[in-house]
Every structure is written in C-alpha cells, then in structure tokens.
Amino acid sequence: MIVPVAEVVLPTDNPLPVSALEQVASEASGGGCDLTDPIQRALQTDVRVNLELPSVAPDRRSVANALALWNGVWIEPDRQFPEPALASIKDTVRLTVAAASDACRLQVQRGPRLIYLPIRNRTTVLALGSGEWTWQQVVDSSNMEPDGPCITWPWPKPRNSGQLQCD
Numbered sequence: 255m256i257v258p259v260a261e262v263v264l265p266t267d268n269p270l271p272v273s274a275l276e277q278v279a280s281e282a283s284g285g286g287c288d289l290t291d292p293i294q295r296a297l298q299t300d301v302r303v304n305l306e307l308p309s310v311a312p313d314r315r316s317v318a319n320a321l322a323l324w325n326g327v328w329i330e331p332d333r334q335f336p337e338p339a340l341a342s343i344k345d346t347v348r349l350t351v352a353a354a355s356d357a358c359r360l361q362v363q364r365g366p367r368l369i370y371l372p373i374r375n376r377t378t379v380l381a382l383g384s385g386e387w388t389w390q391q392v393v394d395s396s397n398m399e400p401d402g403p404c405i406t407w408p409w410p411k412p413r414n415s416g417q418l419q420c421d
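In my numbering, the protein residues as written are 255 to 421.
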C-alpha cells in the first residue's frame, strides 16, 4: 500500500518498481525513520540512474568523492552534471521520499545523509542535506529563495530561517 502524500509532480515513465515504494511506505511507518537505505535501494534499481550517473564528470565530485545534490534546493544541472543524470536521481529520490509516512518526512534530520551507489567500476557517494532539515523539504523545495551559501556551493537559504540551519 502506498501512503498518500503531498502533491509531487513526477514523470509517469519512472522505471522505479511500485514494490520499492510499497517497501518504503511500510518501513517508514514501522518505527525508525531513516530514508537513506530505501533511497539507496531505489536508486540502485532505477535503470535511468544506472545509465546516466556515469556521465557525471569526475571534477564535479568533492574531496570525499561525493556529489552534493540537495541542500535546501536541488543543484542546477551543468556541463559536468548533465540534466538527464540529475533528473533521474531527483525523480527517484523525490518519489521514494514521497512514499514515506508524514511523520517520517517531517522528522528533523541533522547533518548530511550519504547514499552509496556502486555502478559499474565506481562507487558514487550522493550527499543530501546539511545542518537541520526534513525529508519533506527534499520533496518540496519551493520554500527556498536564492540568497546565501550553506556549504561550498551557493545554496539558497529557506524563506523561514527556522526551517533549515546550516552548520
């Protein structure tokens, strides 16, 4: 059973299996609320992610070999991180988070969540969040405005400064 969630516009051709979303909904409603593992499983089974992620330039990675994807807003695609790769990851993450319970999506997270994706001969580390944030903010990044940095990129701050505190 998929838990009803806030409105999220996602493509209808996402190859993520419905069973993966049902598993997220049941895990998130059964106690602990760590969406990192369900997101990792969903990304690993997403055909588009597996095809597109290797196209991201090695220069786009941080010192820790991580790709910072979201910190209040989603990163913008560029020459080193092409739109198809970012779109496939973003769609899968948002769909997986949207399948979690309200309580899980609204639980405050502290610090980044790292997701490890072994694809081909390389393990890519994806980083989501910094400071205090919620998974719901990942689904609905519309509460942000571009006016300041959080970490090493020019990430926007939330309109309500109480929603996201950068370290």
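Just so it is clear, CB atoms sit at the ideal spot from N, CA and C, and this is done for glycine as well.
Assigned with DSSP and collapsed to three states, residue 343 falls in helix.
With 16 or more other Cβ atoms inside 10 Å of its own Cβ, residue 345 counts as buried.
Boundaries of the beta strand (DSSP E) around residue 381: 376-382. Per DSSP, reduced to three states, the secondary structure at residue 322 is strand.
Here the segment 289-306 lies against the segment 367-381, with 3 or more beta-carbon pairs under 8 Å apart. Between residue 342 and residue 393, the C-beta gap is not smaller than 7 Å, which leaves the two residues out of contact. Sorting 390, 289, 367, 340 by C-alpha distance to the C-alpha of residue 384 places 367 at the top. The C-alpha of residue 290 lies about 22 Å from the C-alpha of residue 335.
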